[in-house]
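Notes to accompany the following structure.
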Amino acid sequence: MSHRERFFKALELEEPDSVPITDLALDPPIVDAVLKRKISGTVLTMAGGSDSWENSLNYRLALVEACEKLDFDAVPALSDYSLTTRDYRPKYLDGKKYIDHWGRIMQTSIGAKTTYFIGGVVNTPEDLEFYEPPDPFHPDVVEMVDRIMKRVKNRDIAAIAQCHSGWHMAFQVRGGIDKISIDLYRNPYFVRKLMEKIAGACRGFAKLMAEAGIDALFVTDDYADSRGPLINPKLFREYELPNLREVVNIGKRYGIPVLKHSDGNLYPILEDIIDTGICALHPMEPGVMDLKYVKERYGSRICLIGNVDCKYVLTFGSEEDVRRDVRRCIESAAQGGGFILASSNSLHANVRVENIYVMVDEARRYGKYPLKSK
Numbered sequence: 328m329s330h331r332e333r334f335f336k337a338l339e340l341e342e343p344d345s346v347p348i349t350d351l352a353l354d355p356p357i358v359d360a361v362l363k364r365k366i367s368g369t370v371l372t373m374a375g376g377s378d379s380w381e382n383s384l385n386y387r388l389a390l391v392e393a394c395e396k397l398d399f400d401a402v403p404a405l406s407d408y409s410l411t412t413r414d415y416r417p418k419y420l421d422g423k424k425y426i427d428h429w430g431r432i433m434q435t436s437i438g439a440k441t442t443y444f445i446g447g448v449v450n451t452p453e454d455l456e457f458y459e460p461p462d463p464f465h466p467d468v469v470e471m472v473d474r475i476m477k478r479v480k481n482r483d484i485a486a487i488a489q490c491h492s493g494w495h496m497a498f499q500v501r502g503g504i505d506k507i508s509i510d511l512y513r514n515p516y517f518v519r520k521l522m523e524k525i526a527g528a529c530r531g532f533a534k535l536m537a538e539a540g541i542d543a544l545f546v547t548d549d550y551a552d553s554r555g556p557l558i559n560p561k562l563f564r565e566y567e568l569p570n571l572r573e574v575v576n577i578g579k580r581y582g583i584p585v586l587k588h589s590d591g592n593l594y595p596i597l598e599d600i601i602d603t604g605i606c607a608l609h610p611m612e613p614g615v616m617d618l619k620y621v622k623e624r625y626g627s628r629i630c631l632i633g634n635v636d637c638k639y640v641l642t643f644g645s646e647e648d649v650r651r652d653v654r655r656c657i658e659s660a661a662q663g664g665g666f667i668l669a670s671s672n673s674l675h676a677n678v679r680v681e682n683i684y685v686m687v688d689e690a691r692r693y694g695k696y697p698l699k700s701k
C-alpha cells in the first residue's frame, strides 16, 4: 500500500496495511538533522513563523524532503503562518521582539530555539479600523503555494496544509486570551468585528490551499488548556464554532478532509467540534485527555491522530521509552483502523532526532494490520 493510500484509508476509518505516520510540524533544527545539512531556516521559522519569503519557501521544500526520508505518510507542506510576500520582513521592536505579518508581537528565545507570542497590535477598536490581515491571494503568496505543491505533486506522500479558522489568530492579534475574554463581555461588537476580519483571511488561505490541490486541511487553532476550554463553551459556540464550520465546508466543497488540532482538555466542547464535520482530531494531549476513551467514544465518527509524548518521551526518553509510548498509542486507538500516529503536539526543536526514527521504526513493526494482541 502506498503512503497516500495508507493515510487516506485511516481517514476513512478503515484499516490500512499499517498505522500511518505524520506530524503537525517539524522545526528547522529537526529538518536540518534529518537531511544532514543546514537549510535556510532561522529561529523565526519556529512555530511556522517566517523571516523572509525565500527562507519560508526553502524551509517548506526541505520539510517535504525530510518527511520522505523519515518514511512519513503525510507531510505538513503548507502553513498560513509562513505564507508571506517577497517584501515582508519582521518589524523589530528591539533585538528580540518583532511584529509578524499577522500583527502578532513575538519574541525569540535563542536558548530554547523557538519563538513565542507576547502581544498583538490591536489594542483598541480604533486600531482595528486600520488593521489588515495578510492577503491570501497576493501573487507572491500564490507563487509560494504553487512552488511547494509542484514539489509534492505526483509524489507518494500526502500533502497537508495547516490553516486556522479565526480564534487563535484573533486572540493573539488582540494581545492575549485575557484581553479578548474581557472584550467578550465588555465589548462583544469589537470581538465580532475582529473575528470577522481575521476569519475572512483564514478562509481565504484555506480556499487558496484547497484550490492548489492540497490533500487535507489541518485547522490548528487551540481551544483549550489543561483545565478546559479557553473561554466559556457558550461563547465558544457563538463566536468560534461557526468559523470552524466554514473551513470544514470549504473542505467539503473541494472534496478534501478537514483535520482538527487543539491542545488541552476539549471534553466540554468535543461534541460541538465533531459535529462540525471534521474528519480527524489531534492530539488528545497526554495527561489531559485519554486516547483510549476518545477512541471508544468517538472512534466510529472520526479518525484519531496522536499522541506520542513530545513533552517528555520524545525529548528526554530512552529508545525503550519511545517504543513503549508508541505501543501505548497503537493499543489505545489503532484497532479497527481510523488512527494515524503522530506526536502529542509537534516535532519541536528540542525533540531528539534519534527518537523520531525510533518512533517510526516501532510504528512500522508494531502497527502492522492485523494488529497483535496485547
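In my numbering, each number is its position in the sequence shown, counted from 1, plus 327. From the three backbone atoms N, C-alpha and C, an ideal C-beta is built for every residue, glycine too.
- For a cut-off of 8 angstroms, the C-beta gap from Ala-537 to Leu-544 is around 7 angstroms, short enough to register as a contact.
- Under the DSSP assignment, Tyr-425 falls in the beta strand (DSSP E) whose first and last residues are 424–426.
- Less than 8 angstroms separates the beta-carbon of Leu-562 from that of Leu-511.
- Per DSSP, the beta bridge partners of Tyr-443 are Gln-434.
- Excluding residues up to 5 positions away in sequence, Asp-407, Leu-410, Pro-463, Cys-490 lie with their Cβ nearer than 7 angstroms to the Cβ of Phe-532 in the same chain.
- Between Leu-668 and Gly-694, the C-beta spacing is below 8 angstroms.
- Under the three-pair Cβ rule at 8 angstroms, the region 574–581 does not count as touching the region 612–625.
- Going by C-alpha positions, Val-680 is about 30 angstroms away from Asp-473.
- Distance from the CA of Arg-624 to the CA of Ala-660, rounded to the nearest whole angstrom, comes to 11 angstroms.
- Looking at the DSSP output, Tyr-419 shares a beta bridge with Tyr-425.
- Under the Cβ criterion (8 angstroms, minimum of three pairs), the region 344–362 does not count as touching the region 491–505.
- Closest in C-alpha terms to Ser-379, from the list Gly-663, Met-471, Asp-483, Ser-329, comes Met-471.
- Note that the C-beta distance between Asp-636 and Gly-591 is not below 8 angstroms.
- Distance check between Asn-576 and each of Arg-431, Pro-595, Ile-605, Asp-350 places Ile-605 closest, using alpha-carbon atoms only.
- Boundaries of the beta strand (DSSP E) around Ile-632: 630–635.
- The beta carbon of Gly-430 is closer than 8 angstroms to those of Gly-447, Val-448, Val-449, Tyr-458, Pro-460, Val-500 in its chain, skipping five residues each way along the sequence.
- Annotation: the region 580–619 contains the following complete segments of the alpha helix (DSSP H) (minimum length 4 residues), in chain order: 597–602.
- Note that the C-beta distance between Lys-587 and Leu-608 is below 8 angstroms.
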